[in-house]
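Per this note's numbering, the very first residue in the sequence shown carries number 23; after that it's consecutive. C-beta atoms are modelled at their ideal positions from N, C-alpha and C, and glycine is treated no differently. The structure appears below as structure tokens.
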Amino acid sequence: MSLNNIAILGAGTMGHGIGQIFAQHGLAVTVYDPHPAALQAASEKVLRNLRLLQENQGGEAVNPGLTVSNLMFTSDLSAAITGADLVIEAVPENLTIKWSLYSQIAPMLKPTAIVTSNTSTFALETLAFEQPFADRFLITHFFNPAPLIPLVEIVQLDITIPGIAGQLIELLRACGKVPVLLKKDIAGFIANRLQAAVMREACYLLESGIAEAAQIDTAMKEGPGLRWAIGGPFEIADYGGLDVWEKVTGHLFPQLGASQEAPELIREKVAKGELGVKTGAGFYTYGNPAQQERQSGERDRKLLGLLQVKAGNNKA
Ligand SMILES: NC(=O)c1ccc[n+]([C@@H]2O[C@H](COP(=O)([O-])OP(=O)(O)OC[C@H]3O[C@@H](n4cnc5c(N)ncnc54)[C@H](O)[C@@H]3O)[C@@H](O)[C@H]2O)c1
């Protein structure tokens, strides 16, 4: 079965970008959100993303008209689900919200429809618990900004109908993505577990007064971050020498932060409503919405530059 009609549930940070990817590649996409303001913001963000891609990659590579004509935004859930071959859930990371939405969509799904979640942290077993479509339910974990970051982690269960993961992998590859299928279901998958380990140590260093946030960010961007764009932890360990890494891990593991809860610094900021770029302040300040938009655009331009270098098509 081809996956031609795609429904995205949730038009936020992730949903609009995931919808854009498939629409850019000629598939019919319906983005659902119960909040009309979120739909409006999503369609504006897609236009901005497309303008940026056009500036960067030229008119031939990106066809904004085609993308927009493939995208529909709706606050009618059944209009989004009916006829969808693939439903991708990208609603807030809250089990009650996700489960409630699954029970709403279950009776509306085509019998062959595949459902996936873009969850960042939940194990698939938890999300799929007692869902009537559990054998057609997988995780497709995209990264922010979804239209630019190639990685999509895929998780399936022992009960998943054979062939579905392969179908998703084929679709994602056709849309320019790099899917990685995990061998087992685990909360946080691969990349978020790696990121969380780094974040735990970054917050430990900040909370212990070892360095300021800006120094920690610089150390990452000008050091390991550069290598990580071209080599994973095991490739880097092989280059450095496993005898060295035996010492690094043996000496440092007992001295690393080992907190079992969200860092206090982050909890304090969230309690004050300082959520990062989307509220104008987090570890840094981002000014008014126009300045925030400019900064996000700048981040995306840098990412596009890096992707071009990685692809080897940058003459510089
Ligand atoms: N933000 C990231 O960097 C990121 C990266 C990867 C994965 N994720 C995961 O993707 C999912 C979505 O995250 P996000 O950052 O886009 O969240 P978000 O808060 O930006 O967007 C969520 C959207 O869902 C809508 N929504 C709320 N209830 C809904 C419902 N019942 N049905 C449909 N829509 C509903 C909201 O109106 C909002 O527009 C989460 O599971 C998150 O963990 C986020």
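(message) Let me confirm a value: R70 is counted as buried when at least 16 other C-beta atoms fall within 10 Å, else exposed. Which label applies?
(response) exposed
(request) Under 7 Å Cβ to Cβ from K337, same chain only, skipping five residues before and after it: list those, please. (result) For K337, the predicted model reports a pLDDT of 44, less than 50, meaning its position is unreliable and no value from the coordinates is stated.
(request) Please work out which residues of its chain come closer than 8 Å, Cβ to Cβ, to K332, disregarding the five sequence neighbours upstream and downstream, and give them in chain order. (result) A251 and I252
(request) Measure the CB-CB distance between P169 and G319 and report whether it falls below 7 Å. (result) no
(request) Using the DSSP secondary-structure output, state which residues sit across from P201 in a beta bridge. (result) V174
(request) Just tell me which of N26, Y54, E192 and K206 has its CA closest to the CA of D180. (result) K206
(request) With H163 as the anchor, note down where its beta strand (DSSP E) starts and where it stops. (result) F159 to F164
(message) Could you compute how far the alpha carbon of S91 sits from the alpha carbon of A196?
(response) 19 Å
(request) Rounded to whole angstroms, what's the CA-CA distance from L246 to K132? Just pull it up for me. (result) The amino acid at residue 246 is misidentified as Leu; the sequence shows Pro. Near 46 Å, if we compare the C-alpha coordinates of K132 and P246.
(request) Quick one: residues in its chain with C-beta nearer than 7 Å to the C-beta of I208, no 5 flanking neighbours on either side, listed in chain order? (result) A145
(request) Give every residue of the same chain whose Cβ lies closer than 8 Å to the Cβ of F211, excluding the five residues on either side of it in the sequence, and list them in chain order. (result) I161, H163, E175, V177 and L204
(message) Three or more C-beta pairs under 8 Å: does that hold for the stretch 134 to 148 against the stretch 53 to 73?
(response) no
(request) Just confirm the distance between the C-beta atoms of I110 and T89, as a whole number of angstroms; I'd bet it's less than 8 Å. (result) About 17 Å; that fails the 8 Å criterion.
(message) My output table needs one value for S139: the three-state DSSP class, helix, strand or coil.
(response) strand
(request) With a cut-off of 8 Å on the beta carbons, I'd call L72 and V53 a contact; round off their distance for me. (result) So it is not a contact: roughly 15 Å between Cβ atoms.
(request) In angstroms with no decimal places, state the Cα-to-Cα distance between G272 and M242. (result) 22 Å
(request) Classify Q130 as helix, strand or coil using the three-state DSSP reduction. (result) Looking at the sequence itself, residue 130 is Met, so the reference to Gln does not match. In the structure shown, M130 sits in a helix (DSSP, three-state: H, G or I).
(request) Indicate the three-state DSSP secondary structure (helix, strand or coil) for Y54 in the structure shown. (result) strand
(request) Return the residue from the list L274, A284 and R249 that minimises the CA-CA distance to E229. (result) A284
(message) Suppose you measure from the CA of M221 to the CA of G279; what does that come to, to the nearest Å?
(response) 10 Å
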